[in-house]
Amino acid sequence: MRRPPPRTLRGQLTAGLVALLALACLGVGITTALALRGFLLGRLDDQLSASGGRFAASLEHEARPDADNRADTRGQAESTLGARLLNGRVTQAAVVDDATDRHLRLTDGDRHTLAAVPADGHGRSVRLSTLGAYRVTAVYGDDQDILITGLPLHPVEETVHRLEAVEAALFGAALVVTGIAGAVWVRVSLRPLQRVTARAAEVAGLPLASGEIAMPGPLPDTDPRTEVGQVGTALNHMLGHVEDALTRRQASEERLRQFAADASHELRTPVANIRGHAESALRHPGTVPGEVHHALERIDAESQRMTRLVDDLLLLARLDAGRPLEHEPVDLTLLILNATDDARAAGPGHHWVLDLPEEPVTVPGDAHRLQQAIGNLLANARTHTPPGTEVTITLAADPADVSVSVSDDGPGIPEELQSEVFGRFVRADHARSRSTGSTGLGLSIVHAVITAHDGIITLDSSPGRTTFRLTLPRR
Ligand SMILES: Nc1ncnc2c1ncn2[C@@H]1O[C@H](COP(=O)(O)OP(=O)(O)OP(=O)(O)O)[C@@H](O)[C@H]1O
Ligand SMILES: [Mg+2]
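Right, here's the structure in full:
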């Protein structure tokens with residue numbers, strides 16, 4: 131199977147570097163081998179033309195029967211080939227062997243090859259089955275014969291092969307060294323890019339959705355002449371914009387919170403006044419028409435509800451602003467007993483079941499706020515379930531945490547409401563809620579109070595069983 135090419139920039143750069151060097155080595159190798167071969171062949175040709183067919187010409191005498199007439203091998207190199215052609219046919223052929231001539235038995239193919247060499251005095255490379263590769267020249271002799279002289283090519287081939295082997299070893303080593311050094315060099319050069327990536331990842335991991343966010347400082351790699359510097363500059367600009375936007379969002383959230391806090395604070399006095407006036411009008415001793423009396427009762431009830439709403443809003447605004455809470459030991463056992471007593475009085479039709487440990491359990495926190503949170507859960511279990519529902523309040527403690535769960539066997543919270551039930555003004559039935567006086571702030575207050583205590587709140591609800599569980603750290 132073919133390995134896929136490297137994907138990282140580092141791998142690609144290193145591979146490209148090595149591939150380019152390999153191409154350059156191949157070019158140099160081929161050029162030098164060809165040049166050396168050309169040079170050596172030229173020298174061989176010079177040697178052949180210097181011999182001028184003397185050895186081949188002397189073969190004519192060798193053909194005579196007297197044994198003394200040997201061919202003239204003086205000054206001829208070992209393995210020199212001599213051949214004589216008459217009328218296009220090879221009549222004699224010999225090689226110099228140990229400074230004397232040795233008659234050659236040529237095959238028909240070799241005879242053909244030799245006969246085909248043009249008699250122009252230029253060197254030609256031929257392959258003879260009896261001798262191997264040879265460089266030959268052919269010239270005309272005195273008596274209309276053609277004289278062929280040849281020298282073996284194998285020293286030339288050997289020298290060229292030797293050069294090729296040396297070059298292959300050298301270039302191979304150069305490629306390995308370049309690969310390793312290149313990889314290190316590329317890694318070092320790309321280090322700033324890693325810083326950019328790390329910074330981008332760091333920002334991506336920040337909880338940008340809300341709250342005050344400490345953005346990391348700008349990147350040091352900002353040299354506009356380098357690509358990495360350009361990326362760094364662009365990222366710094368982007369981070370600047372993001373920080374700017376976050377600061378503005380934070381400020382606008384802050385203003386909104388402040389507005390909610392101010393508005394609810396300002397509303398408290400007029401609402402209290404309305405309520406006071408309604409109450410004193412209701413206490414008026416004289417006879418009041420029934421309709422007016424009813425209207426006054428409605429004003430009293432609605433202003434009570436409005437007082438509660440304004441108080442809830444103010445509390446939420448304060449919790450949002452991160453106002454520090456009280457931090458004293460709170461006896462949760464006592465707190466739950468009191469809250470259940472209140473709930474029992476308000477909802478005598480429900481069955482209130484307590485499951486408390488023997489020992490009193492305390493957590494550090496704000497007693498008033500915790501009482502309010504547990505009270506809200508009990509109020510929900512009372513108001514959103516029919517009479518006869520059993521509500522169980524369980525307190526459990528381990529060395530690290532304390533958990534309070536309020537569980538009822540009522541109809542449960544609709545599935546689609548469960549994920550947002552801790553949001554503000556979220557309630558199942560708006561039309562009905564308005565008449566029962568519910569606002570949908572109860573659970574958001576529980577959530578805000580528990581979160582301010584570094585605790586968590588979970589909900590598990592299905593028809594027939596709804597459980598809210600608060601977990602508070604003990605330190
Ligand atoms: N134990 C429960 N059983 C069934 N539904 C519940 C229960 N507790 C809460 N809910 C649903 O969750 C909604 C939100 O509760 P939340 O306490 O926030 O507001 P609320 O009770 O409607 O109003 P508020 O508490 O401000 O008077 C409720 O309106 C109700 O539909
Ligand atoms: Mg409620």
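The sequence shown begins at 131 in the working numbering and counts up one residue at a time. Ideal Cβ placement from N, Cα and C applies to all residues, glycine included.
Terminal residues of the continuous alpha helix (DSSP H) containing T289?
On the sequence shown, position 159 is the one that residue 289 refers to. Element bounds for T289: H284 to S319.
When the Cα of L283 is compared with those of S574, F301 and R257, which residue comes out closest?
Taking the sequence shown and counting its residues from 1, one reaches residue 283 at position 153. Nearest of S574, F301 and R257 to L283, Cα basis: R257.
Whole-angstrom distance between E489 and S537, CA atom to CA atom
Position 407 of the sequence shown holds residue 537. Position 359 of the sequence shown holds residue 489. Straight-line Cα distance between these residues: approximately 22 Å.
Can you list, in chain order, the stretches of the alpha helix (DSSP H) that have 4 or more residues and sit fully within the region 480-520?
497-513
For the beta strand (DSSP E) that contains E409, what are its first and last residues?
Here residue 409 refers to the residue found at position 279 when the sequence shown is read from its first residue. Here E409 belongs to no beta strand (DSSP E); instead the alpha helix (DSSP H) covers E357 to L412.
Within 7 Å: the Cβ of L573 and any heavy atom of ligand 2?
In the sequence shown, residue 573 corresponds to position 443, counting from 1. L573: yes, Cβ under 7 Å from ligand 2.
With 16 as the cutoff for other CB atoms within 10 Å, does E332 come out buried or exposed?
In the sequence shown, residue 332 corresponds to position 202, counting from 1. The residue in question, E332, is exposed, as its Cβ has fewer than 16 Cβ neighbours within 10 Å.
Distance check for T377 and L338, CA to CA, integer angstroms please.
Working through the sequence shown from its first residue, we reach residue 338 at position 208. Working through the sequence shown from its first residue, we reach residue 377 at position 247. When rounded, the distance between both Cα atoms is 11 Å.
For T138, count the other beta carbons within 10 Å of its own beta carbon; 16 or more makes it buried, fewer makes it exposed. Which is it?
As a position in the sequence shown, residue 138 is number 8, starting the count at 1. Its Cβ having fewer than 16 others within 10 Å, T138 is exposed.
Measure the alpha-carbon distance for R194 versus R232 and round it to whole angstroms.
As a first step, residue 194 is located in the sequence shown; it is residue number 64 there, counting from the start. As a first step, residue 232 is located in the sequence shown; it is residue number 102 there, counting from the start. Here R194 scores only 49 on pLDDT, less than 50, and its place in the model should not be relied on; the value that follows carries that caveat. Computed Cα separation, rounded: 15 Å.
According to DSSP, A223 sits in a beta bridge with which residue or residues?
The residue you call residue 223 lines up with position 93 of the sequence shown. Answer by DSSP bridge pairing, in chain order: A213.
Below 8 Å between beta carbons: does that hold for L465 and Q434?
Taking the first residue of the sequence shown as 1, we reach residue 465 at position 335. Taking the first residue of the sequence shown as 1, we reach residue 434 at position 304. At least 8 Å separates the beta-carbon of L465 from that of Q434.
State the DSSP-derived secondary structure class of F185, mapped to helix, strand or coil.
Residue numbering aside, residue 185 sits at position 55 when the sequence shown is read from its first letter. Reduced to three states, the DSSP call for F185 is helix.
If you compare alpha carbons, which of P544, A201, R292 and G182 is closest to S188?
What you label residue 188 is simply residue 58 of the sequence shown in a count that begins at 1. Minimum Cα distance to S188 is reached at A201.
Selected residue, minimal CA-CA separation from R629, among A328, D442, D472 and G159
A query on residue 629 cannot be resolved here, the shown segment of the chain reaching from 131 to 605 and no further.
Is DSSP giving H233 helix, strand or coil here?
Counting from one through the sequence shown, the residue named residue 233 turns up at place 103. Correct three-state label for H233: strand.
Assuming A411 and L397 form a contact by the criterion Cβ under 8 Å, report the distance between their Cβ atoms to the nearest whole angstrom.
If you number the sequence shown from 1, residue 411 lands on position 281. If you number the sequence shown from 1, residue 397 lands on position 267. Not really, about 21 Å apart at Cβ, beyond 8 Å.
Looking at the unbroken alpha helix (DSSP H) that takes in R448, where does it start and where does it end?
Position 318 of the sequence shown, counting from 1, holds the residue named residue 448. Here the alpha helix (DSSP H) through R448 covers G420 to D450.
Taking 8 Å as the cut-off, decide whether the C-beta atoms of L323 and L349 are in contact.
In the sequence shown, the residue the question calls residue 323 occupies position 193. In the sequence shown, the residue the question calls residue 349 occupies position 219. With contacts defined by Cβ atoms closer than 8 Å, L323 and L349 do not form a contacting pair.
Kindly indicate the opening and closing residues of the alpha helix (DSSP H) around V576.
Here the question's residue 576 lines up with position 446 in the sequence shown. Here the alpha helix (DSSP H) through V576 covers G572 to A582.
Could you tell me the boundaries of the beta strand (DSSP E) in which G239 lies?
Your numbering for residue 239 matches position 109 in the sequence shown. From DSSP, G239 is part of no beta strand (DSSP E) but of the alpha helix (DSSP H) over D238 to A245.
Can you grab the Cα-Cα spacing for the pair L320 / T162, in whole Å?
Along the sequence shown, read from residue 1 onward, the residue named residue 320 stands at position 190. Along the sequence shown, read from residue 1 onward, the residue named residue 162 stands at position 32. Looking at the two C-alpha atoms, the distance is approximately 37 Å.
In whole angstroms, give me the CA-to-CA distance for L300 and L147.
For the purposes of this step, residue 300 is taken as the residue at position 170 of the sequence shown. For the purposes of this step, residue 147 is taken as the residue at position 17 of the sequence shown. For L300 and L147, the gap between their C-alpha atoms comes out near 17 Å.
Expected contact under 8 Å - CB spacing of V316 and L143 to nearest Å:
The residue given as residue 316 occupies position 186 in the sequence shown. The residue given as residue 143 occupies position 13 in the sequence shown. Indeed they touch by this definition, with Cβ atoms about 5 Å apart.
Based on the DSSP output, what are the partners of F598 in its beta bridges?
For this step, residue 598 is matched to residue 468 along the sequence shown. In DSSP, F598 forms a bridge with V536 and L589.
Hey, out of R512, R387 and A503, whose CA is closest to F552's CA?
On the sequence shown, residue 552 is found 422 positions in, with the first residue counted as 1. That would be A503, whose Cα lies nearest to the Cα of F552.
How far does the alpha helix (DSSP H) with A339 in it extend, from its first residue to its last?
For this step, residue 339 is matched to residue 209 along the sequence shown. Per DSSP, A339 belongs to no alpha helix (DSSP H) and is neither H nor E.
Using a Cβ-based criterion (distance less than 7 Å to any ligand heavy atom), does S568 qualify as near ligand 2?
The sequence position of residue 568 within the sequence shown is 438, counting from 1. Correct: S568 has its Cβ closer than 7 Å to ligand 2.
Taking only the alpha-carbon atoms, compute the straight-line gap between V576 and L547 and give it to the nearest angstrom.
Start at 1 with the first residue of the sequence shown, and residue 576 comes out as number 446. Start at 1 with the first residue of the sequence shown, and residue 547 comes out as number 417. Their Cα atoms are separated by approximately 17 Å.
Going by other Cβ atoms of all chains shown within 10 Å of its Cβ, with 16 needed for buried, is I310 buried or exposed?
The residue labelled residue 310 in the question sits at position 180 within the sequence shown. The residue is exposed, with fewer than 16 neighbouring Cβ atoms inside 10 Å.
With a threshold of 8 Å, are at least 3 pairs of Cβ atoms found where one atom belongs to the region 246-254 and the other to the region 263-275?
yes
If I measure Cβ to Cβ from T237 and keep anything under 6 Å in the same chain, skipping five residues before and after, which residues do I get?
Residue mapping note: residue 237 aligns to position 107 of the sequence shown, counting from 1. Only S259 meet the Cβ criterion.
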